[in-house]
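Please read the structure below before turning to the comments.
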Amino acid sequence: MKLRVLAVLLLAHTAAAQQLNFVTCPIVRDTRTVPCFLAEYEGETYYLVVQQDISADQYPPQLLHEVLVEGTIDKGPRVCGGIPLKPVKLSVMPEINQACNTILPAEPGIEAPPTHRPAGPSTRQPGATPAAPPAPPVRPAPPFVEREWKVLYDFDSAFLFSRDTRTVNQAADYAVASKAKRIEIEAHRGATLLSNGKVLVEGESVAAQRAERVVTLLKGLGADPASVNVRVVSAPPRPDGSTDPQTRFVSIRVSP
Amino acid sequence: MRATWVGAVAVLAASAAFALAQQSPGTAWISAGTTGVLAAQTEYPTSTGRIGLLFSSGPVDMKAHPFFTPLGKNGRACVTCHQPAYGMSFSAEAARELWKRTSGKDPLFAAVDGSNCPNLPQDQEKSHSLLLQRGLIRVFLPVPKNAEFTINVVNDPTGCNTNPIYGLNSPTPTVSVYRRPRMAANLKYVTGPAPRIVLKLGALADTDPATGRPVGMNFMADAREATLLTQARSAAMGHGEAQSVTDEQLQKIVEFENQVYVAQIFDRSAGSLAEPGGPPTLGPAAMASHRPGVLGDNDYDSVFLSFESWKKGGDSAEEQFRASVARGADIFMFRQFWLRDVTHINSIGLGNPLKRTCATCHNHQMTGQDLSAGFVDLGTTNYPRWTEPPLYSDARDLPVFKITCKPEAQPHPYLGRVIYTSDPGRALISGRCADVGSIVMQQFRGLSARAPYFSNGSAKNLRELVDYYDRRFDMKLSEIEKQDLINFLGVL
Chain A
1207 MKLRVLAVLL LAHTAAAQQL NFVTCPIVRD TRTVPCFLAE YEGETYYLVV
1257 QQDISADQYP PQLLHEVLVE GTIDKGPRVC GGIPLKPVKL SVMPEINQAC
1307 NTILPAEPGI EAPPTHRPAG PSTRQPGATP AAPPAPPVRP APPFVEREWK
1357 VLYDFDSAFL FSRDTRTVNQ AADYAVASKA KRIEIEAHRG ATLLSNGKVL
1407 VEGESVAAQR AERVVTLLKG LGADPASVNV RVVSAPPRPD GSTDPQTRFV
1457 SIRVSP
Chain B
-6 MRATWVGAVA VLAASAAFAL AQQSPGTAWI SAGTTGVLAA QTEYPTSTGR
44 IGLLFSSGPV DMKAHPFFTP LGKNGRACVT CHQPAYGMSF SAEAARELWK
94 RTSGKDPLFA AVDGSNCPNL PQDQEKSHSL LLQRGLIRVF LPVPKNAEFT
144 INVVNDPTGC NTNPIYGLNS PTPTVSVYRR PRMAANLKYV TGPAPRIVLK
194 LGALADTDPA TGRPVGMNFM ADAREATLLT QARSAAMGHG EAQSVTDEQL
244 QKIVEFENQV YVAQIFDRSA GSLAEPGGPP TLGPAAMASH RPGVLGDNDY
294 DSVFLSFESW KKGGDSAEEQ FRASVARGAD IFMFRQFWLR DVTHINSIGL
344 GNPLKRTCAT CHNHQMTGQD LSAGFVDLGT TNYPRWTEPP LYSDARDLPV
394 FKITCKPEAQ PHPYLGRVIY TSDPGRALIS GRCADVGSIV MQQFRGLSAR
444 APYFSNGSAK NLRELVDYYD RRFDMKLSEI EKQDLINFLG VL
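If you read the protein sequences in the order shown, they are chains A and B. Just so you know, the first sequence maps onto residues 1207 to 1462 in this note's numbering. Just so you know, the second sequence maps onto residues -6 to 485 in this note's numbering.
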């Protein structure tokens, strides 16, 4: 029995060790094609993401800003000279840091992973892998049942990126089509446990800002203002170091 | 095609418009209240050749037309700042010639915004220095009630921002900035259909107050007016100091503006720009016939279409110049560089830096504007990348403001919480710190008729414009590449 407990603890430790949460300056690594974005932590270099465009799942960090990296070490080969983190959540920290300004030149043997978008204009040249065209909007159809959408945020940010506005748009379309009687918006403020034990808590007003932006967008897209109810949860949760990116969110529940 | 064009002009030889077209640019100035008929197709000389102007609805009778007729007390009409001979804008050189010819009495120099400040002695040239040297009109705006920042004047060469009547500490606190009039042409590209959500803002687009439909937010420097109609009303009441303007007058102004097309049509080195088999983007007829709203940031249907027919070059000076233009088009489309620290480009999920090309931002086919609502902070008005001298105390022309972001505000993404700027741009409308210095980009057409460039008129010519980009993005352009780009921009 004791051995089983020990084994479970070891497994838990191993799993925890694969998760890395840290704040650092991003590093840009140029290549023959598009640049990669890397980060160093405790003497090791990690691969974060490659330049794509706004259709990408993960957006690159920004020089002049630190990046909050919340990722899991991937066992695959190095990418662009760094150990890949996958999945990874990257947050551009809002304040300026002039020290974050490193661009490394392209070097033989360091290649960016394939992308659908080259560094120049988009192309249909042979060998290119253009992004799949966005799926045409589907008009919501009955039967209408209660549905929920969730918008996840970068740390300390209320900005709705292209991927996020698509989510809100879907919720608004559904609310309009279903003549929703109730739309419940719940906005949260998150916190993150870093691998060094430090806890980062988002700004006090960020949950309210998130709610305001989502509500404004929903109403502008046709949702009935009278049906919208808002709850702002400004108390941050206790971070656990693994699910923290999911604590920075707004949920939109539409009830026909 | 060229013969047809010349022929069409010749047929209209008796018209007042033709008479204007034969004059030098200086005397082609149309004063408010001028009568006569403008031909449907006209050419006006410029420093590098001729621009072509096309009214797609046919000749325009200026008599009593509200675009050409003063609507207010200062004698100005829309045409005062949107001159056919100057690409439906005007050049600083034209303003200087007008000052000389009229001893500063033309309504262009009206105290309200054609001078550095209304309190200055209006008969003196130096009181209009920004208009005469940079082609700038004073734009005076209140600080938004919801501003995420405080604003202080730290340098005030015009005296207007510290003036007790017109300034920031006046009973109606006002910020005076100085901007170039935009070209009132090719507007189907500028005001075309818009998505409901603005990519750069992550928020709803402004809407047409008449229809509720989203608008492109792309035809004023700060996108403060939603439609041509609201802009016309605002301009008549503000620039024109009109007491009232009727809906019928506004409608007629908008109808006129929506059928004006302008592009370079002849270049002294490249020859005719509208001949069969030539680059299909060139000339005003191409502007009139092409479809708006096409994204050109690709290698199969590019921003300015194809210059393939000019690539072959040859022995003649004309062929060599055309080959240079074609190389310039390729540099514009394909020359990669680090595009960095540009608010509303790098900050919207594309990453900073972004290894791309000019066409990434200047992606709207035929005009080179951004298809998305277009205000970005390239850096022209914000220290340290502004176009002004490095020390603001050395700047003799433009005011300098210190913007301090409030603690709860999202800071400017690349300048932080304290920003020195000569024009806060969009932030004077949105109130957002992140928008300080963001300005809607302009069309690339008919450039030779309407120098200087940038919203603050800081690039006297295309060389200075290209040099700014070369420095700003460390493009490392060679002298030949710079000249190719200049030649390319010059024929648009």
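Ideal Cβ placement from N, Cα and C applies to all residues, glycine included.
Review point. So, is the C-beta of residue 69 of chain B closer than 7 Å to a C-beta in chain A?
Key: Here residue 69 of chain B is taken as the residue at index 76 of the second sequence, counted from 1. For residue 69 of chain B, the answer is no, since every Cβ of chain A falls outside 7 Å of its Cβ.
Check your understanding: With a cut-off of 8 Å, do at least 3 Cβ pairs link the segment 1347 to 1364 of chain A to the segment 1449 to 1462 of chain A?
Key -> yes
**Study point:** Where residue 318 of chain B falls, given that 16 or more other Cβ within 10 Å makes a residue buried
**Key:** Start at 1 with the first residue of the second sequence, and residue 318 of chain B comes out as number 325. Burial call: buried.
Practice item. Just tell me which of B:195, B:443, B:111 and B:478 has its CA closest to the CA of residue 1357 of chain A. Key: Numbered from its first residue, the first sequence carries residue 1357 of chain A at position 151. Nearest C-alpha to residue 1357 of chain A: B:195.
Review point. Is the distance from the Cβ of residue 63 of chain B to the Cβ of residue 26 of chain B below 7 Å?
Key: Translated into positions along the second sequence, residue 63 of chain B becomes position 70. Translated into positions along the second sequence, residue 26 of chain B becomes position 33. Cβ distance < 7 Å, so residue 63 of chain B and residue 26 of chain B count as in contact.
**Study point:** Members of the segment 196 to 225 of chain B near chain A, C-beta cut-off 7 Å
**Key:** 196 and 197
Review point. From residue 1425 of chain A to residue 231 of chain B, what does the alpha carbon distance come to, in whole angstroms?
Key: Within the first sequence, numbered from 1, the residue matching residue 1425 of chain A stands at position 219. Within the second sequence, numbered from 1, the residue matching residue 231 of chain B stands at position 238. Their Cα atoms are separated by approximately 33 Å.
Exercise for review: Entirely within the segment 350 to 380 of chain B and at least 4 residues each: give me those alpha helix (DSSP H) ranges in chain order.
Suggested key: 351 to 354
Review point. Can you name, in chain order, every residue of its own chain whose Cβ lies under 8 Å from the Cβ of residue 1402 of chain A, other than the five neighbours on each side?
Key: As a working mapping, residue 1402 of chain A is identified with position 196 in the first sequence. Counting only Cβ-Cβ distances below 8 Å, and skipping sequence neighbours, we find 1228.
Point to revise | Presumed contact (8 Å Cβ cut-off) between residue 1277 of chain A and residue 1256 of chain A, rounded CB distance | key: Start at 1 with the first residue of the first sequence, and residue 1277 of chain A comes out as number 71. Start at 1 with the first residue of the first sequence, and residue 1256 of chain A comes out as number 50. With 8 Å as the limit, residue 1277 of chain A and residue 1256 of chain A do not qualify as a contact, their Cβ atoms being about 15 Å apart.
**Study point:** Inter-residue CB distance, residue 444 of chain B and residue 85 of chain B (contact presumed, cutoff 8 Å)
**Key:** Taking the second sequence and counting its residues from 1, one reaches residue 444 of chain B at position 451. Taking the second sequence and counting its residues from 1, one reaches residue 85 of chain B at position 92. With 8 Å as the limit, residue 444 of chain B and residue 85 of chain B qualify as a contact, their Cβ atoms being about 7 Å apart.
Review point. Between residue 1251 of chain A and residue 1282 of chain A, which are expected to be in contact by the criterion C-beta below 8 Å, what is the C-beta distance as a whole number of angstroms?
Key: Reading the first sequence from its first residue, position 45 is the one you call residue 1251 of chain A. Reading the first sequence from its first residue, position 76 is the one you call residue 1282 of chain A. In fact, because the Cβ distance is near 15 Å, the residues do not count as touching under 8 Å.
Practice item. Return the first residue and the last residue of the alpha helix (DSSP H) that residue 465 of chain B is part of. Key: Here the question's residue 465 of chain B lines up with position 472 in the second sequence. Residues 455 to 465.
Review point. Taking the alpha helix (DSSP H) that residue 92 of chain B falls in, what are its first and last residues?
Key: Position 99 of the second sequence, counted from the start, is the residue given in the question as residue 92 of chain B. That run of the alpha helix (DSSP H) goes 85 to 95.
Practice item. Taking C-beta pairs closer than 9 Å, name the residues in chain B that residue 1375 of chain A reaches, listed in chain order. Key: The sequence position of residue 1375 of chain A within the first sequence is 169, counting from 1. Per Cβ cutoff of 9 Å: 189 and 190.
Exercise for review: Taking the CB atoms as reference points, tell me whether residue 482 of chain B and residue 440 of chain B lie closer together than 7 Å.
Suggested key: As a working note, residue 482 of chain B is residue 489 in the second sequence. As a working note, residue 440 of chain B is residue 447 in the second sequence. Yes.
Review point. Comparing the C-beta of residue 1288 of chain A with each C-beta of chain B, is any distance below 7 Å?
Key: Residue mapping note: residue 1288 of chain A aligns to position 82 of the first sequence, counting from 1. Cβ-Cβ to chain B under 7 Å: no for residue 1288 of chain A.
Review point. What is the C-beta distance between residue 187 of chain B and residue 207 of chain B, in whole angstroms, given that I count them as a contact (C-beta under 8 Å)?
Key: As a position in the second sequence, residue 187 of chain B is number 194, starting the count at 1. As a position in the second sequence, residue 207 of chain B is number 214, starting the count at 1. The Cβ separation is near 5 Å, so the contact holds.
Point to revise | Candidates B:309, B:179 and B:397: closest to residue 435 of chain B by CA position | key: The count along the second sequence starts at 1 and reaches residue 435 of chain B at position 442. Among B:309, B:179 and B:397, the Cα nearest to that of residue 435 of chain B belongs to B:179.
Point to revise | Unbroken alpha helix (DSSP H) run spanning residue 1376 of chain A, endpoints | key: Here residue 1376 of chain A is taken as the residue at index 170 of the first sequence, counted from 1. Run containing residue 1376 of chain A: 1368 to 1383, per the alpha helix (DSSP H) assignment.
Point to revise | For residue 1393 of chain A, the nearest candidate out of A:1458, A:1313, A:1319 and A:1321 (CA to CA) | key: For the purposes of this step, residue 1393 of chain A is identified with residue 187 of the first sequence, where counting begins at 1. Looking at the Cα atoms, A:1458 is the closest of the given residues.
Review point. Roughly how many whole angstroms lie between the Cα atoms of residue 43 of chain B and residue 311 of chain B?
Key: The count along the second sequence starts at 1 and reaches residue 43 of chain B at position 50. The count along the second sequence starts at 1 and reaches residue 311 of chain B at position 318. Looking at the two C-alpha atoms, the distance is approximately 16 Å.
Practice item. Give the residues from the segment 121 to 137 of chain B that approach chain A closer than 9 Å (Cβ to any Cβ), ordered along the chain. Key: none
Check your understanding: At which residues does the beta strand (DSSP E) containing residue 40 of chain B begin and terminate?
Key -> Taking the second sequence and counting its residues from 1, the one referred to as residue 40 of chain B is at position 47. Note, residue 40 of chain B: premise wrong, no beta strand (DSSP E); not H, not E.
**Study point:** Burial state of residue 475 of chain B (16 or more Cβ within 10 Å)
**Key:** To locate residue 475 of chain B, count along the second sequence from 1; it is residue 482. By the neighbour-count rule (16 or more Cβ atoms within 10 Å), residue 475 of chain B is buried.
Review point. Of all the options B:346, B:265, B:374 and B:380, which has the alpha carbon lying nearest to the alpha carbon of residue 1241 of chain A?
Key: Within the first sequence, numbered from 1, the residue matching residue 1241 of chain A stands at position 35. Checking every option, the nearest Cα to that of residue 1241 of chain A belongs to B:346.
Check your understanding: What does residue 1419 of chain A touch in chain B if you count any residue whose Cβ is under 9 Å from its own?
Key -> Locating residue 1419 of chain A in the first sequence gives position 213, counting from the first residue. Near residue 1419 of chain A (Cβ distances below 9 Å), the residues of chain B are 195 and 196.
**Study point:** Buried versus exposed, by CB contacts within 10 Å (16 or more), residue 362 of chain B
**Key:** As a working note, residue 362 of chain B is residue 369 in the second sequence. By the neighbour-count rule (16 or more Cβ atoms within 10 Å), residue 362 of chain B is buried.
**Study point:** Unbroken alpha helix (DSSP H) run spanning residue 480 of chain B, endpoints
**Key:** If you number the second sequence from 1, residue 480 of chain B lands on position 487. Taken as a continuous stretch (DSSP letters only), the alpha helix (DSSP H) holding residue 480 of chain B covers 472 to 483.
Practice item. Reducing DSSP to helix, strand and coil, say where residue 19 of chain B ends up. Key: Taking the second sequence and counting its residues from 1, one reaches residue 19 of chain B at position 26. Low confidence applies to residue 19 of chain B: its pLDDT is 49, below 50, so where it sits in the model is not reliable enough to give any reading.
Review point. Nearest-angstrom Cα distance between residue 10 of chain B and residue 35 of chain B?
Key: Working through the second sequence from its first residue, we reach residue 10 of chain B at position 17. Working through the second sequence from its first residue, we reach residue 35 of chain B at position 42. Confidence in residue 10 of chain B is poor, its pLDDT being 41 and thus under 50, which makes the residue's placement too unreliable to answer from.
**Study point:** Rounded straight-line distance, which links the Cα of residue 1428 of chain A to that of residue 18 of chain B
**Key:** Stepping through the second sequence from its first residue, residue 18 of chain B is reached at position 25. Stepping through the first sequence from its first residue, residue 1428 of chain A is reached at position 222. Low confidence applies to residue 18 of chain B: its pLDDT is 48, below 50, so where it sits in the model is not reliable enough to give any reading.
Check your understanding: Of all Cβ atoms in chain A, is any one closer than 7 Å to the Cβ of residue 345 of chain B?
Key -> The count along the second sequence starts at 1 and reaches residue 345 of chain B at position 352. It does: the Cβ of residue 345 of chain B has a partner Cβ on chain A nearer than 7 Å.
Review point. In chain order, what residues of the same chain lie with their CB nearer than 7 Å to the CB of residue 1316 of chain A, ignoring the 5 residues before and after it?
Key: As a position in the first sequence, residue 1316 of chain A is number 110, starting the count at 1. Around residue 1316 of chain A: 1235, 1237, 1286 and 1287.
Check your understanding: Given a limit of 9 Å on CB to CB distance, which residues of the segment 1244 to 1275 of chain A reach chain B?
Key -> 1255, 1257, 1258, 1259, 1260, 1262, 1265, 1266, 1267, 1268, 1269, 1270 and 1271
Check your understanding: Which of helix, strand or coil does DSSP assign to residue 486 of chain B?
Key -> Because chain B here runs from -6 to 485, residue 486 of chain B falls outside it and cannot be looked at.
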